[in-house]
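A short write-up of the structure that comes next.
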Amino acid sequence: MQIITRYFIVFMLAFITQYVNAQQDSVKINNNQVKIEALLKEKEKVESEEKEQLKAEVEAINQRLEKNDITEEEATQLKKEAAEKRALNIENRLAIIDNQIALLARNNSITTKSEFKTPESVPIQTIEKKVEKEYSYGSRTYDDVVFAIGFNNAIIDGQDINDSPYKLGGSGFVELGYAWTTRVFPNSGFLHLKYGASLQWNKLNIKDNQYFVRDGNNIGLEEFPLDLNKAKFRTTNLVFPVHLQFGPGRSVTKTYDDRIIYRQNRFRLGVGGYAGFSIGHMQKLKYKDGSDRIKDKQKGDFNINEFIYGLSGYIAIGDVAVYVKYDLNPIFRNQAVDQNNISIGLRFDVFDVY
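In structure tokens, the structure reads:
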């Protein structure tokens, strides 16, 4: 079981590394888009500047014509030469900017045309502006890394949680998983099905100098003969969660095949459960025996339930959620008093599609 756990962790670390690299690429794309927009504004500025200078030159030519310094034919030729010069200036300056844009993005493009004339109706060369436009589409199914961390304890039959033999602050849980989310309706983000696989580490920090002891099939807490520094009991589970995820209807910005653009950072509610199996458990004791510091890791059979199943839910805004899970199976099998694991904490669903 330890080998399975190690392979799963290695897989998740590899996936997270790949995901981080993808996020860096996404940030780079977004930065490039900002630069492209700035360059497009610069292109408009270039065209306006050259147009104003052309107007000034044409006015100067008209003044010379009015003073009879030049003939009508000479004025027309000068205007034509001025228009050609300014058009060439625009072409050269825009070519430099277009080359910069081409280096930043090579996605779907939209070509628009702008044309202007001199006051004397002398045509100026038509200029084509290539606008790189980028869309971010949300696919029907997307995947993400799930990470959760928080407090852990046990619900014991006939006992208030305030009287729990486990420390409220010291007991905790960690969950690391990989999940897929599928939109149930093609053009609505109101309902999703979320499913995947997760590793759960549930830790109980035992208080009052007690530790777990097995007597036959019975598992009970007894006082340790020496002063315990720490007494912890941890279970490791591999589970397969399934949730129905509800949220406000998300407006569609654009559709492309089966891809939809949705607004981000919206409220979501997930309800569901999980099932799986236990892949390991351990009791860890730390104490001093005379001058010796002892760390005792007990990995024997504590009559743990091998089959794990329970209920879970979350309330999320964006990628962060308040997360609760409750094991319907008792921690230990066939006991007079059942103890069921319960956890509450924060869950992070890190995805890059919404």
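FYI, the numbering for the sequence shown is -22 to -1, 1 to 332, going by mature numbering (1 follows the signal peptide of the UniProt record, and there is no 0).
Note that beta-carbon positions come from the ideal geometry of N, C-alpha and C, so glycine has one too.
It should be emphasised that the depicted structure is a prediction, and the values quoted were computed from it without experimental measurement.
Checklist line | Where residue 98 falls, given that 16 or more other Cβ within 10 Å makes a residue buried | finding: Any answer about residue 98 is weak, because its pLDDT of 42 lies below 50 and its placement is not dependable; what the coordinates show is given next. Result: exposed.
Next item on the list: Measure the CB-CB distance between residue 68 and residue 24 and report whether it falls below 8 Å.
Entry: The beta carbons of residue 68 and residue 24 sit closer together than 8 Å.
Notebook entry, point to check: If you count every other CB in all the chains shown that lies within 10 Å of the CB of residue 213, and 16 or more means buried, which is it?
Noted result: Under the 10 Å beta carbon count, residue 213 is surrounded by 16 or more other beta carbons and is classified as buried.
Checklist line | Reduced DSSP category for residue 92 - H, G, I as helix; E, B as strand; rest coil | finding: With a pLDDT of only 42 at residue 92, under the threshold of 50, the placement of this residue in the model should not be trusted; the figure read from the coordinates follows. The three-state secondary structure of residue 92, taken from DSSP, is strand.
Check: Can you tell me whether DSSP reads residue 76 as helix, strand or coil?
Finding: Note: residue 76 maps to helix in three-state DSSP.
Notebook entry, point to check: Considering only the beta carbon of each residue, do residue 335 and residue 159 sit closer than 8 Å?
Noted result: Shown here, the chain extends from -22 to 332; a query on residue 335 therefore has no answer.
Check: Looking at the unbroken beta strand (DSSP E) that takes in residue 189, where does it start and where does it end?
Finding: Per DSSP, the unbroken beta strand (DSSP E) holding residue 189 starts and ends at 188 to 193.
Next item on the list: Please name the residue, chosen from 303, 254, 216, 265, that lies closest to residue 133 on a Cα-to-Cα basis.
Entry: Answer by Cα proximity: 303.
Next item on the list: Inspect the beta-carbon positions of residue 320 and residue 131 and report whether they are closer than 8 Å.
Entry: Yes, they are a contact pair.
Next item on the list: Please work out which residues of its chain come closer than 6 Å, Cβ to Cβ, to residue 322, disregarding the five sequence neighbours upstream and downstream, and give them in chain order.
Entry: Same-chain partners within the cutoff: 128, 129, 302.
Item checked: Best match in 208, 71, 218, 125 for proximity to residue 266 [C-alpha to C-alpha] -> Among 208, 71, 218, 125, the Cα nearest to that of residue 266 is on 208.
Note to self: Less than 8 Å between C-beta atoms, sequence neighbours within five positions excluded: which residues of the same chain meet that for residue 20?
What the structure shows: Scanning its chain for C-beta atoms nearer than 8 Å, with the 5 sequence neighbours on each side dropped, one finds around residue 20 the residues 75, in chain order.
Note to self: What does the alpha-carbon distance come out to for the pair residue 33 and residue 161?
What the structure shows: Approximately 57 Å between the Cα atoms of the pair.
Note to self: On the criterion of 16 or more Cβ atoms from any shown chain inside 10 Å, does residue 310 qualify as buried, or is it exposed?
What the structure shows: By the Cβ neighbour-count rule, residue 310 is buried, with 16 or more other Cβ atoms within 10 Å of its own.
Check: Among 192, 289, 317, 296, which residue has its Cα nearest to the Cα of residue 277?
Finding: Looking at the Cα atoms, 192 is the closest of the given residues.
Margin query: Assuming contact is defined by CB atoms lying nearer than 8 Å, are residue 197 and residue 313 in contact in what I supplied?
Written below: In this structure, residue 197 places its C-beta atom within 8 Å of the C-beta atom of residue 313.
Margin query: How far does the beta strand (DSSP E) with residue 261 in it extend, from its first residue to its last?
Written below: Residues 245 to 267.
Note to self: Using only the alpha-carbon positions, how far apart do residue 168 and residue 222 sit?
What the structure shows: Computed Cα separation, rounded: 10 Å.
Next item on the list: For residue 284, I'd like the list of residues in its chain whose CB is within less than 6 Å of its CB, leaving aside the five on either flank, ordered along the chain.
Entry: Same-chain partners within the cutoff: 255, 256.
Notebook entry, point to check: Whose CA, out of 215, 202, 147, 206, lies closest to the CA of residue 307?
Noted result: The shortest Cα separation from residue 307 among 215, 202, 147, 206 belongs to 215.
Check: residue 288 to residue 17, Cα distance in whole Å?
Finding: Linking residue 288 to residue 17 through their CA atoms gives a straight-line distance of about 55 Å.
Margin query: So, with DSSP's three-state summary, where would you put residue 11?
Written below: The answer is helix: DSSP assigns residue 11 an H, G or I state.
Next item on the list: With DSSP as the reference, label residue 104 as helix, strand or coil.
Entry: Legend: pLDDT at residue 104 = 41, less than 50; position of this residue unreliable, value from coordinates given subsequently. Correct three-state label for residue 104: coil.
Checklist line | Strand pairing of residue 122, partner residues [DSSP] | finding: Partner(s): 157.
Item checked: Proximity of residue 247 and residue 268 at Cβ, strictly below 8 Å -> No. Outside cutoff.
Next item on the list: Just the C-alpha distance for residue 258 and residue 165, rounded to the nearest angstrom, thanks.
Entry: Our two residues, residue 258 and residue 165, have alpha carbons roughly 43 Å apart in a direct line.
Item checked: Cα-Cα separation between residue 177 and residue 136, rounded to whole angstroms -> Approximately 30 Å, taken between the alpha carbons.
Item checked: Nearest residue (CA-CA) to residue 31, options 210, 41, 65 -> Distances from the alpha-carbon of residue 31 to those of 210, 41, 65 put 65 closest.
Next item on the list: Following the continuous beta strand (DSSP E) through residue 209, name the residue where it begins and the one where it ends.
Entry: Counting along the chain, the unbroken beta strand (DSSP E) around residue 209 starts and ends at 206 to 224.
Checklist line | Cβ-Cβ separation, residue 260 to residue 273 (assumed contact under 8 Å), whole Å | finding: With 8 Å as the limit, residue 273 and residue 260 do not qualify as a contact, their Cβ atoms being about 12 Å apart.
Item checked: Beta-carbon proximity of residue 126 to residue 153, cut-off 8 Å -> Taking 8 Å as the Cβ cut-off, residue 126 and residue 153 qualify as a contacting pair.
Notebook entry, point to check: Over what stretch of residues does the beta strand (DSSP E) that includes residue 144 continue unbroken?
Noted result: That residue, residue 144, is in no beta strand (DSSP E); it is neither H nor E in DSSP.
Next item on the list: Can you say whether residue 305 is buried or exposed, counting buried as having 16 or more other CB atoms within 10 angstroms of its CB?
Entry: By the neighbour-count rule (16 or more Cβ atoms within 10 Å), residue 305 is buried.
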